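Visitor: Letter by letter, the sequence shown follows residues -20 to -1, 1 to 31 of mature numbering (1 follows the signal peptide of the UniProt record, and there is no 0).
Every residue gets a Cβ at the ideal spot worked out from N, C-alpha and C, and that includes glycine.
These figures come from a predicted structure and were not determined experimentally.
Here it is, the structure in full.
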Amino acid sequence: MDHVCNLYVLLLLLQSSVYQEILVVKMYQVACFYREKCKAHIPAGVGGSIR
């Protein structure tokens, strides 16, 4: 039930464009953070070919 409440609050926040922009920025920051972490685990040769 708690999970449903959180989802509902998230949907309410999404209706506001300001919160939507904040959410997009946060998601982008998280994606960048994980990409950097993954890049550290990838061997240099593989990382070079991706770039």
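Taking only beta-carbon atoms, is residue -6 less than 7 Å away from chain D?
Guide: Protein chains in the displayed structure number just one, and chain D is not present.
Visitor: So for residue -4, helix, strand or coil by DSSP?
Guide: The answer is helix: DSSP assigns residue -4 an H, G or I state.
Visitor: Does the Cβ of residue -14 lie closer than 6 Å to at least one heavy atom of the ligand NAP?
Guide: The ligand content of the structure shown is nil, which means the ligand NAP is not present either.
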